[in-house]
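Numbering-wise (the numbering used here), the sequence shown opens with residue -6 and increments by one.
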Amino acid sequence: RSVAMCEVSFALDRARRRRARARTRAMTRANAAARGFARAGATTRTRARANAPRERIAAARTNARGRGGTTTTARAIVDREDEDAKSAMEGLEISAMRREGRKKGKGKGKKASANDEDEDGFERWKWRRVMLKVSGEALAGEDGFGISPDVVKSIASEVAQAAMSGIEVAVVVGGGNFFRGAEKEGNGLDRASADYMGMLATVMNSLNLQAAIESKGVPTRVMSALEIKEVAEPYIRRRAIRHLEKGRVVIFGAGTGNPFFTTDTGAALRAAEINAQCVLKATKVDGVFDSDPKKNANAKLYKTLTYETVRRLGLGVMDQTAITLCEENDIPVVVFNIAHDGNIVNALRGCSVGTCVGSSDKCSDTCEE
-6 RSVAMCEVSF ALDRARRRRA RARTRAMTRA NAAARGFARA GATTRTRARA NAPRERIAAA
54 RTNARGRGGT TTTARAIVDR EDEDAKSAME GLEISAMRRE GRKKGKGKGK KASANDEDED
114 GFERWKWRRV MLKVSGEALA GEDGFGISPD VVKSIASEVA QAAMSGIEVA VVVGGGNFFR
174 GAEKEGNGLD RASADYMGML ATVMNSLNLQ AAIESKGVPT RVMSALEIKE VAEPYIRRRA
234 IRHLEKGRVV IFGAGTGNPF FTTDTGAALR AAEINAQCVL KATKVDGVFD SDPKKNANAK
294 LYKTLTYETV RRLGLGVMDQ TAITLCEEND IPVVVFNIAH DGNIVNALRG CSVGTCVGSS
354 DKCSDTCEE
């Protein structure tokens, strides 16, 4: 009897365990199905939320066209479309100016020579992307202080001519016409503070030159190494290159943004960053001489120099940091007198307008008269 009761008890336990496992499997399948339905519902809601803004934008665009843009969303869409259209028109105008510059001279008649046809064409330029370094003293002109309107107009005209012809022009402006930090150190003013004041002077010159170039019909952007977002964009390398690719002139203000560095070093640094092919240094002298031409009437003008010669002789082309940067990146430096009309354009054509510092192949005279 005891054995029979044990067998009955074991059989009942096995039956209970089988029923429990069956209930567990059923609940697992039900939960999985419920999760699947929930996931499908969430995907549907997500898609609905993603499509809702598009539907609202489409409805707002329809309202804007039908009722003149009475809603806030409609006005925002219209404003964005106006900005896009303005940017597109600006690009078309620049492209048209470039095409006009490249094709100018083709209507001179059948007897015109090939050189005459390409006189204002893209092929005549030696450099495609350049860094123009304008000293503050050059902007002052004969006055020696402040900004000379005639000098600024002359520089703006030549920069605009180059930009309209397809040359990508970047500019670095000095601040010596207002304040030179290295000379003002002392009397309670430390060198770092003096240099920062000089950087602000370069921003003043940059804004003036920007207005002059834009008055010639060429869009211009000022990018400052110091954050002055109300008047200038912050310097971002990729944005600067994009501005150049769009045909805009880019003016770099505030030097490198660090004290103890000259604007010549800033020009060499920015030239290396934007992959410029040449640095054009516009000054008040005709080039690099073996002695001071104001004191020595027989001073000799160098036509070409190597970087090593500049360092060995201690010639005042640029400071040693700037010369080293240019040498390491194989960027030639052309020093010329900004007071002579047409020197910027002639330098871009490869004409000998002053002194060229660099390798022999980069400093060869490719000017076609």
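Note that CB positions come from ideal geometry on N, CA and C, so glycine has one too. A quick note: this is a predicted structure, and the numbers were derived from the prediction, not measured.
Next item on the list: Name the one or two DSSP bridge partners that Gly347 has.
Entry: Partner(s): Phe329.
Note to self: Please list the terminal residues of the continuous alpha helix (DSSP H) segment that includes Gly335.
What the structure shows: Unbroken run through Gly335: none, as it is neither H nor E.
Note to self: Looking at Ala155: is its Cβ nearer than 7 Å to the Cβ of Leu273?
What the structure shows: no
Next item on the list: Helix, strand or coil for Pro286, going by three-state DSSP, please let me know.
Entry: coil
Check: Where does the unbroken alpha helix (DSSP H) through Thr256 begin, and where does it stop?
Finding: Unbroken alpha helix (DSSP H) run through Thr256: Thr256 to Glu266.
Note to self: Under 8 Å, with one C-beta from each stretch per pair, do the region 241 to 251 and the region 161 to 168 reach the 3-pair mark?
What the structure shows: yes
Check: Going by other Cβ atoms of all chains shown within 10 Å of its Cβ, with 16 needed for buried, is Glu161 buried or exposed?
Finding: buried
Next item on the list: Out of Ala13, Gln313, Leu132 and Glu238, state which residue places its alpha-carbon closest to the alpha-carbon of Arg214.
Entry: Closest option to Arg214, judged by alpha-carbon separation, among Ala13, Gln313, Leu132 and Glu238: Glu238.
Note to self: Rounded to whole angstroms, what is the Cα-Cα separation between His236 and Asn180?
What the structure shows: Near 42 Å, if we compare the C-alpha coordinates of Asn180 and His236.
Next item on the list: Measuring alpha carbon to alpha carbon, tell me which of Gly159, Cys(-1) and Arg263 ends up nearest Cys319.
Entry: Arg263
Check: Do the CB positions of Asp279 and Asn330 come within less than 7 Å of each other?
Finding: yes
Check: What residue does the beta strand (DSSP E) around Ala275 start on, and which one ends it?
Finding: Cys271 to Thr276
Margin query: In this structure, how does DSSP classify Thr317 when only helix, strand and coil are distinguished?
Written below: Correct three-state label for Thr317: helix.
Item checked: Delimiting residues of the beta strand (DSSP E) encompassing Ser217 -> For Ser217, the enclosing beta strand (DSSP E) has its first and last residue at Thr213 to Ser217.
Check: Given Val196, which residues of its chain have a CB within under 7 Å of its CB, disregarding the five upstream and five downstream residues?
Finding: Ser217, Ile221, Ala225, Gly246 and Ala247
Notebook entry, point to check: Secondary structure at Lys103, three-state DSSP: helix, strand or coil?
Noted result: Because Lys103 sits at a pLDDT of 38, beneath the cut-off of 50, its placement in the model cannot be relied upon, and the following sentence gives the value as read from the coordinates. Under the three-state reduction of DSSP, Lys103 is assigned to coil, being neither helix nor strand.
Next item on the list: Have a look at Asp111 and Arg121 and give me their C-alpha separation to the nearest angstrom.
Entry: Because Asp111 carries a pLDDT of 45, less than 50, the predicted location of this residue cannot be relied on, and no value is offered for it.
Check: Can you tell me whether DSSP reads Gly246 as helix, strand or coil?
Finding: In this structure, Gly246 counts as strand in the three-state DSSP scheme.
Note to self: Helix, strand or coil, according to DSSP, for Ala163 in the structure here?
What the structure shows: Looking at Ala163 - three-state DSSP - the assignment turns out to be strand.
Check: Around the C-beta of Ile206, are 16 or more other C-beta atoms found within 10 angstroms, so that it is buried, or is it exposed?
Finding: buried
Margin query: Taking the straight line between their C-alpha atoms, what separation do you get for Ala13 and Ala(-3)?
Written below: 25 Å
Item checked: Where Gln203 falls, given that 16 or more other Cβ within 10 Å makes a residue buried -> buried
Margin query: Spatial neighbours of Asp312 within its chain, please: C-beta separation below 8 Å, excluding the five flanking residues on both sides.
Written below: Thr255, Asp257 and Thr258
Check: Do you know offhand how far Gly159's Cα is from Val211's?
Finding: 11 Å
Next item on the list: Would you tell me roughly how many angstroms separate the C-alpha atoms of Lys97 and Arg230, rounded to the nearest one?
Entry: Summary for Lys97: the model assigns pLDDT 48, below 50, so the residue's position carries little reliability; its value from the coordinates is reported in the next sentence. Going by the C-alpha atoms only, they are around 33 Å apart.
Check: Any Cβ of chain B within less than 7 Å of the Cβ of Val152?
Finding: Going by chain labels, chain B is absent from the structure shown, which holds only one protein chain.
Notebook entry, point to check: Going by beta carbon distance, what residues of the same chain come within less than 7 Å of Cys344, once the five residues before and after it are set aside?
Noted result: Result list for Cys344: Asp358 and Cys360, in chain order.
Next item on the list: Between the Cα of Gly134 and those of Lys146, Val123 and Ser352, spot the shortest distance and give me the residue it belongs to.
Entry: When each option's Cα is compared against that of Gly134, the closest is Lys146.
Next item on the list: Please report how far the alpha carbon of Ser141 lies from the alpha carbon of Glu151, in whole angstroms.
Entry: 16 Å
Check: Expressed to the nearest angstrom, what Euclidean distance is found between the alpha-carbon atoms of Ser352 and Ala275?
Finding: 20 Å
Check: Between the C-alpha atoms of Leu298 and Ala292, what's the straight-line distance to the nearest angstrom?
Finding: 16 Å
Checklist line | From Glu223, Ile267 and Phe253, residue whose alpha carbon lies closest to that of Ile234 | finding: Ile267
Item checked: Rounded distance between the beta-carbons of Ala261 and Ala315, thought under 8 Å -> With 8 Å as the limit, Ala315 and Ala261 qualify as a contact, their Cβ atoms being about 4 Å apart.
Next item on the list: Excluding the 5 residues preceding and the 5 following Gly191 in the sequence, name in chain order all residues of the same chain whose CB lies nearer than 7 Å to its CB.
Entry: Only Gly168, Phe172, Arg173 and Gly174 meet the Cβ criterion.
Item checked: C-beta atoms of Ile244 and Ser284 nearer than 7 Å -> no
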